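S.K.: One structure is given below, represented as structure tokens, and several questions about it will come after.
Laid out in structure tokens, this is it:
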């Protein structure tokens with residue numbers, strides 16, 4: 001399972017075997033049932049997750065009571081409530097499993113200790129931050145420039161597994177469209 | 189003028205005098221009239237700006253034709269169209285001066301060369317990315333949880349100079365409210 005994580009890390013920086021070994025020992029295995037909260041609103045996010053099996057989402061609830069999903073992580077990807085994690089502030093976002101899920105979790109102290117100890121982990125973190133920022137900017141751009149149908153077509157093209165695996169409710173909140181609109185688009 | 193920049197950099201990392209000297213020599217001075225475009229939509233953003241005098245904003249236009257201002261930089265702050273700069277992709281956002289402005293600009297090659305050469309510059313960049321990400325997340329959070337009036341009160345409290353100096357049109361697009369709504373709130 002660590003092999004998956006090692007392969008991903010190698011796409012970010014030129015880690016050697018010793019470094020990968022130190023890093024992987026900092027990640028702890030967790031098995032979590034479907035629909036469990038990994039982080040509640042108001043808590044400080046203390047972990048970064050690498051999903052090895054299943055699916056998690058990072059979302060928040062507006063004051064009108066509607067859910068907005070910022071990020072969906074299928075197996076093979078890394079996610080967390082970054083603002084809360086980085087700044088050690090209480091989180092506006094929640095994280096929940098949307099399938100039975102297996103994770104590798106690294107906590108705040110280990111994450112930043114590795115930045116001091118391993119230069120390639122620093123490179124990795126820099127690229128992760130750049131990607132997180134870019135992803136978020138891209139999402140804002142899509143929300144204001146693409147129609148509901150165009151947003152659905154884009155996610156279907158770029159991430160078809162996501163469309164197959166998450167519920168219409170979650171997918172609609174990820175695309176920021178109403179569930180009925182999503183059903184109508186899917187039926188066409 | 190470089191002194192201002194040096195003071196700011198020192199709040200990010202423990203630079204020594206030699207490092208600050210190398211860094212400041214990489215920044216080029218620019219004087220730009222009001223209402224000039226520093227970056228147009230579709231161009232690749234090639235510079236990061238430190239504003240020494242005046243004001244710039246980073247904004248985009250929705251497909252309905254309305255302007256959304258993501259970031260306003262008064263003197264003493266750093267800004268750019270980060271996604272385009274980092275990924276060397278064509279920019280969705282534009283950057284314009286909204287007052288007669290003086291800038292220190294560092295280009296892509298120098299920016300990343302300094303990351304390889306100066307560890308403290310790497311620390312600075314990591315913190316800048318964390319701040320940029322957090323700022324953007326905070327803004328999304330405020331847009332979905334605060335009323336127009338609450339958003340105006342917040343910017344008035346946290347950044348009163350901004351409210352005094354930018355036009356109602358720009359401020360409204362920054363707060364994502366209509367100009368008439370902003371006028372009504374201001375008049376109360």
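Residue numbers (the working numbering), protein chains in the order written: chain Y, 1 to 188; chain C, 189 to 376. We put the beta carbon where it would ideally sit given N, CA and C, even for glycine. Model, not experiment: these values are computed from the prediction.
Please list the terminal residues of the continuous beta strand (DSSP E) segment that includes residue 332(C).
M.R.: From DSSP, residue 332(C) is part of no beta strand (DSSP E) but of the alpha helix (DSSP H) over 307-333.
S.K.: Measure the CB-CB distance between residue 101(Y) and residue 55(Y) and report whether it falls below 8 Å.
M.R.: yes
S.K.: Output the distance between the C-alpha atoms of residue 129(Y) and residue 314(C), rounded to the nearest integer angstrom.
M.R.: 8 Å
S.K.: Could you check where the beta strand (DSSP E) with residue 106(Y) kicks off and where it finishes?
M.R.: 101-107
S.K.: Could one say the Cβ of residue 310(C) lies closer than 8 Å to chain Y's Cβ atoms, at least one of them?
M.R.: Yes, residue 310(C) lies at the interface with chain Y (some Cβ there is under 8 Å from its Cβ).
S.K.: Measure from the alpha carbon of residue 232(C) to the alpha carbon of each residue in 204(C), 272(C), 215(C) and 263(C), then state which is nearest.
M.R.: 272(C)
S.K.: Rounded to whole angstroms, how far is the Cβ of residue 158(Y) from the Cβ of residue 169(Y), which I believe are closer than 8 Å?
M.R.: Contact flag wrong, Cβ pair sits at about 21 Å.
S.K.: What is the DSSP secondary structure of residue 69(Y), counted as helix, strand or coil?
M.R.: strand
S.K.: Could you give the first and the last residue of the continuous beta strand (DSSP E) run that contains residue 57(Y)?
M.R.: 55-61
S.K.: Would you kindly work out how many angstroms separate the C-alpha atoms of residue 286(C) and residue 245(C), rounded to a whole number?
M.R.: 7 Å
S.K.: Could you compute how far the alpha carbon of residue 277(C) sits from the alpha carbon of residue 133(Y)?
M.R.: Taking the straight line joining both Cα atoms gives about 14 Å.
S.K.: Across the segment 18-37 of chain Y and the segment 134-149 of chain Y, are there enough close Cβ pairs to call them in contact, namely three or more that are closer than 8 Å?
M.R.: no
S.K.: Out of curiosity, what's the CA-to-CA distance linking residue 109(Y) and residue 36(Y)?
M.R.: Residue 109(Y) and residue 36(Y): Cα-Cα distance of roughly 24 Å.
S.K.: Distance cutoff 8 Å, beta carbons only. Does residue 129(Y) sit that close to anything in chain C?
M.R.: The beta carbon of residue 129(Y) sits closer than 8 Å to some beta carbon of chain C.
S.K.: Here's the rule I'm using: 16 or more other beta-carbon atoms within 10 Å means buried, otherwise exposed. How should residue 42(Y) be labelled?
M.R.: exposed
S.K.: When the Cα of residue 21(Y) is compared with those of 6(Y), 81(Y) and 123(Y), which residue comes out closest?
M.R.: Selected option, being the one with the closest Cα: 6(Y).
S.K.: Would the segment 46-54 of chain Y count as touching the segment 115-126 of chain Y if we require 3 or more Cβ pairs under 8 Å?
M.R.: Touching, no.
S.K.: Just verifying my parser: in three-state terms, what is the DSSP assignment at residue 265(C)?
M.R.: Coil at residue 265(C), not helix or strand.
S.K.: For residue 49(Y), which beta-bridge partners are listed by DSSP?
M.R.: 79(Y) and 105(Y)
S.K.: For the segment 78-102 of chain Y, which residues have a CB atom closer than 7 Å to at least one CB atom of chain C, in sequence order?
M.R.: 82, 83, 86, 87 and 92
S.K.: State yes or no: is the C-beta of residue 185(Y) within less than 8 Å of the C-beta of residue 148(Y)?
M.R.: yes
S.K.: Would you call residue 17(Y) buried or exposed, if buried means 16 or more other Cβ atoms sit within 10 Å of its Cβ?
M.R.: exposed
S.K.: Report all residues from its chain with a CB closer than 7 Å to the CB of residue 176(Y); omit the five preceding and five following residues, and keep chain order.
M.R.: Answer for residue 176(Y): 68 and 143, listed in chain order.
S.K.: Find the nearest neighbour of residue 87(Y) within the set 319(C), 376(C) and 247(C), judged by alpha-carbon distance.
M.R.: Checking every option, the nearest Cα to that of residue 87(Y) belongs to 319(C).
S.K.: Give the straight-line distance between the Cα atoms of residue 139(Y) and residue 192(C), rounded to the nearest whole angstrom.
M.R.: 35 Å
S.K.: Contact check, residue 95(Y) vs residue 38(Y) under 8 Å by CB: the rounded distance?
M.R.: 4 Å
S.K.: For my contact list, residue 173(Y) and residue 92(Y) are in at a C-beta cut-off of 8 Å; report their separation, rounded to the angstrom.
M.R.: So it is not a contact: roughly 15 Å between Cβ atoms.
S.K.: So is residue 11(Y) in contact with chain C if we call contact Cβ pairs under 8 Å?
M.R.: no
S.K.: Anything in chain C within Cβ reach of residue 179(Y), meaning under 8 Å, just list it in chain order.
M.R.: The premise fails here: residue 179(Y) is roughly 18 Å from chain C at the closest Cβ pair, so nothing lies under 8 Å.
S.K.: Given a threshold of 16 other Cβ atoms within 10 Å of its Cβ, counted over all protein chains shown, does residue 112(Y) qualify as buried or as exposed?
M.R.: exposed
S.K.: Please compile the residues from chain A whose C-beta is within a distance smaller than 7 Å of the C-beta of residue 362(C).
M.R.: You won't find chain A in this structure, because its protein chains are Y and C.
S.K.: Consider the Cβ of residue 150(Y): report whether some Cβ of chain C lies at a distance smaller than 8 Å.
M.R.: By the rule that beta-carbons nearer than 8 Å mark a contact, residue 150(Y) does not touch chain C.
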